[in-house]
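Beneath this line is the structure, given in structure tokens, with notes to follow.
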Amino acid sequence: MPRNPERRAQLADAGLAVLAEAGARGLTHRAVDAAAGLPAGTASNYFRTRDALLGALGERIFERLAPSEDRLQPLAAREPSVELVADYVRYIVERLLDQPQLPLALFELRLEAARRPELHEILTRTLRQGFDADVSFHVNAGLPGGAEEVRLLHFAIDGLILDRLTPGIGHPYDVDAAVAQLVRRLVREN
Numbered sequence: 081m082p083r084n085p086e087r088r089a090q091l092a093d094a095g096l097a098v099l100a101e102a103g104a105r106g107l108t109h110r111a112v113d114a115a116a117g118l119p120a121g122t123a124s125n126y127f128r129t130r131d132a133l134l135g136a137l138g139e140r141i142f143e144r145l146a147p148s149e150d151r152l153q154p155l156a157a158r159e160p161s162v163e164l165v166a167d168y169v170r171y172i173v174e175r176l177l178d179q180p181q182l183p184l185a186l187f188e189l190r191l192e193a194a195r196r197p198e199l200h201e202i203l204t205r206t207l208r209q210g211f212d213a214d215v216s217f218h219v220n221a222g223l224p225g226g227a228e229e230v231r232l233l234h235f236a237i238d239g240l241i242l243d244r245l246t247p248g249i250g251h252p253y254d255v256d257a258a259v260a261q262l263v264r265r266l267v268r269e270n
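Just so we're on the same page, this note's numbering is the position in the sequence shown counted from 1, plus 80.
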């Protein structure tokens, strides 16, 4: 397997663009090569199977959604509180909405994984690692709540993002206010 991490990232980013735009049915090694502007066969050299390609796309989504240390530092300097949890969640929602291609691609991956056992296993592992990292961060930061509150916030954020990026409930709402309300209802001070 070629070991050029920049080329692998380039292919994964092209794959995410294809997945977000054309859906899982439009995602082929050839489509990824074309979107990346690379010779035919390049993507299949890096990702031998469709499941390997799809799994790599799931990993790349989380790499690209990683928070900026510059944004985390001022938050980390504050006293733990429900309002601080709301600000962390606002930052998560901001990152997701600033790069809509990524959550759309993740929704596509999750739907595809429901039908593909190998991908289900790969994507479940990736999602669990992300969730475990979120719980660890939450607990280590001394934030109110624990694993169950983080799980409920994941469910709420997924629904909010799905509503914003796809046909939604049809009523305008303020995302920041919705985030604050979700956090206040799901997380209690210790």
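Just so you know, even glycine gets a beta-carbon here, dropped at the ideal spot from N, CA and C.
Bear in mind that the values here come from a model prediction, so they are computed numbers and not experimental data.
Item to check | Sequence-distant residues of its chain with Cβ nearer than 8 Å to residue 224 (five each side left out) | outcome: Mapped onto the sequence shown, residue 224 falls at position 144. The residues are 160, 161, 162, 165, 267, 268, 269 and 270.
Next on the checklist: Which residue wins for smallest C-alpha separation from residue 97, given the options 216, 182 and 248?
Outcome noted: By one-based count along the sequence shown, residue 97 stands at place 17. Selected option, being the one with the closest Cα: 182.
Item to check | Where residue 146 falls: helix, strand or coil (DSSP) | outcome: The count along the sequence shown starts at 1 and reaches residue 146 at position 66. Reduced to three states, the DSSP call for residue 146 is coil.
Checklist entry - When the distance is taken between beta carbons, is residue 142 closer than 8 Å to residue 206? => result For this step, residue 206 is matched to residue 126 along the sequence shown. For this step, residue 142 is matched to residue 62 along the sequence shown. Cβ distance < 8 Å, so residue 206 and residue 142 count as in contact.
Checklist entry - Leaving out the 5 sequence neighbours to the left and right, which residues in its chain are closer than 8 Å to residue 210 when beta-carbon positions are compared? => result Within the sequence shown, numbered from 1, the residue matching residue 210 stands at position 130. For residue 210, the CB contacts under 8 Å within the same chain, skipping 5 residues up- and downstream, are 142 in chain order.
Checklist entry - Between residue 177 and residue 189, is the Cβ-Cβ spacing less than 8 Å? => result Within the sequence shown, numbered from 1, the residue matching residue 177 stands at position 97. Within the sequence shown, numbered from 1, the residue matching residue 189 stands at position 109. Going by C-beta atoms, residue 177 is not nearer than 8 Å to residue 189.
Checklist entry - So which of 174, 241, 245 and 134 has the shortest CA-CA distance to residue 104? => result Within the sequence shown, the letter at position 24 stands for residue 104. Ranking 174, 241, 245 and 134 by Cα distance to residue 104 puts 134 first.
Item to check | Closest Cα partner of residue 259 within the set 172, 123 and 187 | outcome: For the purposes of this step, residue 259 is identified with residue 179 of the sequence shown, where counting begins at 1. Checking every option, the nearest Cα to that of residue 259 belongs to 172.
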